[in-house]
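What follows is a set of notes on a single structure, which appears directly below.
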Amino acid sequence: MALELSLSCLPSDRTYALYDGGVQPAGINLNVLPFGDDDPYWSWRKTRNHLFDVSEMSISNYLIQLDQGNTDLIALPVFLSRGFRHANLFVNPASGIHTPQDLKGKKVGMAFYDPTTPVWVRGFLQHQYGVSPSDIRWHLFELSLKGMSISLPADVKVTILSRQKPLDQWLVEGEIDALINAGQPPRLFQAGDPRIVPLFADFHEEELAFYRQFKLFPIIHTVVLKRHIHQQHPWVAQSLYDAFCQAKQAAPLSAMALDGHLKYTLPLLHAYVEETQAVFKRDPWIYGLSNNKPEIETLIRYCREQGLVKSGLSLEQAFIPDLNEALC
């Protein structure tokens, strides 16, 4: 009899085959449920531990919880969300910020300190451009997305903002100098407000430079499994891992644009696919612990440098080890 499990993850070309039943994990009847930014599973005051058996999750929030002794969850080396984050920095031109180095001493706003996107942004600011977190005056709505207790280094300066208006409003009114967003570009930027512009006019080239220098494609989300399920049914991890691999393989990069016609509404899609293949040399969405060791170790190091993780977390502590990663 199949084991009944629930899964919640964002729909994407990497997960559609799980949604429509084209891929099913062996021995598991998987009930796949989507979630979005308004779902309680994302909610900044919810723990995520009790709503679903398996879920996509911010990898930094997972690592912080684990470091603080919350072992209810354990991660599969599956990474459903990745992305460079140079496009997530916006500035008010009146602030005089033209380069990353100009951020030193400036007021930079973001909603929370601990999600994965700002961890990567602070990481590349420090290691690519020489701007450390202590060089910036941070302005936040809350320290933690999850309401966790976080103790930052003494030299990191934080001011808590009122939620009376969104960050882009704080920016265009000159009360902060820059902001880091973690989703769609800010509303006022999309509306064409000239008081908010990207820090990097050519963020694509900056992202390519980051990859050429560090050979990292930043991981944003992993997949977590309730630890008690893993302990009771150790075979489940391999079954889920294989299913995620098969779902990803159902939508290969080569099928997106190289079959003679445009399947998506991006006129330059062929060029993007060819550039991606030339830059990465392999599947950029590859799963597995061994294939992603540099990204995971770098993220743990960034979390430690930024005061979010205090202990020496190892890959084997954070992820289910000894999986057969042959499928991807």
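Plus 447 on top of the position in the sequence shown (first one is 1) and you've got our numbering. Ideal placement from N, C-alpha and C gives every residue a C-beta, glycine not left out.
Short of 8 Å from the beta carbon of D602, and not among the five residues preceding or following it, lie these beta carbons of its own chain, in chain order: S581. If you draw a straight line from the Cα of D689 to the Cα of S459, it comes to about 17 Å. Annotated three-state conformation of I767 is coil, per DSSP. Annotation note: the region 573-627 contains the following uninterrupted alpha helix (DSSP H) runs of length 4 or greater, listed N- to C-terminal: 614-619.
In the three-state DSSP reduction, N539 falls in the coil class, being neither helix nor strand.
Contact between N535 and T564 holds: CB atoms are separated by about 6 Å, below the 8 Å threshold. Non-local C-beta neighbours of F691 in its own chain, meaning closer than 6 Å and more than five positions away in sequence, comprise V525, ordered along the chain. L520 is positioned such that its CB atom lies closer than 8 Å to that of K673.
With respect to I666, E763 sits apart: the two C-beta atoms are not nearer than 8 Å.
It is roughly 8 Å from the alpha-carbon of E772 to the alpha-carbon of Y734. Annotation for T669: no alpha helix (DSSP H) segment contains it, though the beta strand (DSSP E) segment containing it runs 666-673. N508 carries a helical assignment under DSSP once its states are collapsed to helix, strand and coil. In this structure M504 is buried. Its beta-carbon is surrounded by 16 or more other beta-carbon atoms within 10 angstroms.
The straight-line gap separating the alpha-carbon atoms of L736 and S686 is approximately 16 Å.
Going by DSSP, I743 is part of the alpha helix (DSSP H) stretching over 740-752.
Taking the Cα of L663 as reference, the smallest distance to any Cα among Q678, A625, M595, G530 is reached at G530. Using a Cβ distance threshold of 8 Å, Y509 and P547 do not count as a contacting pair.
Here I521 carries a strand assignment [DSSP, helix/strand/coil].
Pairing L760 with K593, the inter-Cα distance amounts to about 20 Å.
Per DSSP, the unbroken beta strand (DSSP E) holding K554 starts and ends at 554-557.
Note: L452 is bridge-paired with L477 in the DSSP secondary-structure output. Apart from sequence neighbours up to five positions away, the residues of its chain that approach G570 with a beta-carbon distance below 6 Å are Y749, ordered along the chain.
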